[in-house]
């Protein structure tokens with residue numbers, strides 16, 4: 002059975018709408034892993050790499066910040082990836098949002114509150130500086146981008162196309178609805194992993 006690892010966005014969790022929609026869409030034909038990611042980027046990347054070592058997924062699927070992580074890991078490990086609305090400049094996203102926040106979907110540990118501070122922003126800045134280090138001609142073809150035409154948060158298709166070849170659009174916003182996941186994400190995932 003094929004295995005899909007979904008990496009959620011910054012404010013989300015493994016119980017967000019796209020994660021649940023993917024689990025439902027693939028049902029019996031593929032296992033969809035939707036873990037809660039650590040908030041700090043170094044911890045998140047270490048967690049993702051450990052999970053990949055253990056679970057051996059066939060594909061990474063991300064949304065927003067999850068796509069930022071997927072883009073760094075997929076080329077380094079040779080795994081195909083579908084990047085939904087990748088946010089390649091998390092520092093710019095976080096700077097105007099310093100302070101206390103809540104996750105938009107429930108987390109398994111029950112913690113819903115978190116703080117955005119300068120330390121977190123500098124951690125992302127460090128990672129952003131090297132995010133495309135593992136891109137090469139081999140993986141240009143196996144990392145695909147999917148961009149919402151009504152996305153008001155992330156506008157990184159030109160940057161994506163500097164490194165990768167396959168770019169697609171869907172008529173939605175930054176976080177896809179369950180219907181958009183079924184209509185746009187699922188067929189591209191199936192194509193990428195020959196399901």
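Residue numbers (the working numbering): 2 to 196.
Positions of the beta carbon are idealized from the N, C-alpha and C atoms, including for glycine.
Just so it is clear, the structure is predicted and the values come from calculations on it, not from any experiment.
task: Could you spell out the range, first to last residue, of the alpha helix (DSSP H) harbouring residue 170?
output: Here residue 170 corresponds to residue number 169 of the chain shown, with the count starting at 1. Taken as a continuous stretch (DSSP letters only), residue 170 belongs to no alpha helix (DSSP H), being part of the beta strand (DSSP E) at 168-171.
message: Which residues does DSSP list as the beta-bridge partners of residue 114?
response: For this step, residue 114 is matched to residue 113 along the chain shown. DSSP output for residue 114 lists 103 as bridge partner(s).
- prompt: Quick one: what's got a C-beta closer than 6 Å to residue 16's C-beta in the same chain, skipping five residues either side?
  reply: The residue given as residue 16 occupies position 15 in the chain shown. Answer for residue 16: 106 and 107, listed in chain order.
- request: Along the beta strand (DSSP E) that carries residue 163, what are the first and last residues, could you check?
  value: Indexing the chain shown from 1 puts residue 163 at position 162. Bounds of any beta strand (DSSP E) do not take in residue 163; it lies within the alpha helix (DSSP H) bounded by 158-164.
- request: Give the secondary structure of residue 32 by DSSP, where H, G and I count as helix, E and B as strand, and everything else as coil.
  value: Mapped onto the chain shown, residue 32 falls at position 31. DSSP places residue 32 in the strand class (E or B) of the three-state scheme.
query: What three-state label does DSSP hand residue 183 in the structure shown?
result: As a position in the chain shown, residue 183 is number 182, starting the count at 1. Correct three-state label for residue 183: helix.
- request: Could you give the DSSP three-state label for residue 60: helix, strand or coil?
  value: Taking the chain shown and counting its residues from 1, the one referred to as residue 60 is at position 59. Residue state for residue 60 is assigned as strand, using DSSP reduced to three classes.
message: When you compare the CB positions of residue 171 and residue 154, do they come within less than 8 Å of one another, or not?
response: Here residue 171 is taken as the residue at index 170 of the chain shown, counted from 1. Here residue 154 is taken as the residue at index 153 of the chain shown, counted from 1. No, they are not a contact pair.
message: DSSP three-state label for residue 147, please.
response: By one-based count along the chain shown, residue 147 stands at place 146. Residue 147: strand per DSSP, three-state reduction.
- prompt: If we call anything under 8 Å between Cβ atoms a contact, is residue 53 one with residue 6?
  reply: Taking the chain shown and counting its residues from 1, one reaches residue 53 at position 52. Taking the chain shown and counting its residues from 1, one reaches residue 6 at position 5. If you check the CB distance, residue 53 and residue 6 come in under 8 Å.
- prompt: Hey, quick one: how far does the alpha helix (DSSP H) through residue 67 stretch, first residue to last?
  reply: Here residue 67 is taken as the residue at index 66 of the chain shown, counted from 1. For residue 67, the enclosing alpha helix (DSSP H) stretches over residues 66-78.
message: Assuming contact is defined by CB atoms lying nearer than 8 Å, are residue 138 and residue 76 in contact in what I supplied?
response: Locating residue 138 in the chain shown gives position 137, counting from the first residue. Locating residue 76 in the chain shown gives position 75, counting from the first residue. Contact annotation: residue 138 and residue 76 have beta-carbon atoms that are not nearer than 8 Å.
message: Less than 8 Å between the C-beta atoms of residue 61 and residue 82, yes or no?
response: Taking the chain shown and counting its residues from 1, one reaches residue 61 at position 60. Taking the chain shown and counting its residues from 1, one reaches residue 82 at position 81. Contact flag set, yes.
- prompt: Where do the N-terminal and C-terminal ends of the beta strand (DSSP E) with residue 13 fall, by residue?
  reply: Mapped onto the chain shown, residue 13 falls at position 12. Premise fails: residue 13 is in no beta strand (DSSP E) and is neither H nor E.
field: Simplified DSSP state of residue 141, which is helix, strand or coil
entry: Mapped onto the chain shown, residue 141 falls at position 140. Here residue 141 carries a coil assignment [DSSP, helix/strand/coil].
task: Could you check if residue 1 is buried or exposed, using at least 16 other CB atoms within 10 Å of its CB as the buried criterion?
output: In the structure displayed, the chain extends from 2 to 196; residue 1 sits before or after that span and is not available.
field: Assumed close pair residue 48, residue 39 - CB separation to whole angstroms, cut-off 8 Å
entry: In the chain shown, the residue the question calls residue 48 occupies position 47. In the chain shown, the residue the question calls residue 39 occupies position 38. Right, their Cβ atoms sit about 5 Å apart.
- request: Give a yes or no on whether the C-beta atoms belonging to residue 33 and residue 176 are separated by under 8 Å.
  value: Here residue 33 refers to the residue found at position 32 when the chain shown is read from its first residue. Here residue 176 refers to the residue found at position 175 when the chain shown is read from its first residue. With respect to the 8 Å criterion, residue 33 and residue 176 are not classified as neighbours on the basis of their beta carbons.
message: I'd like the list of long-range same chain contacts for residue 159, defined as Cβ closer than 8 Å, with 5 residues on each side in sequence excluded.
response: As a first step, residue 159 is located in the chain shown; it is residue number 158 there, counting from the start. Cβ within range, chain order: n/a, list empty.
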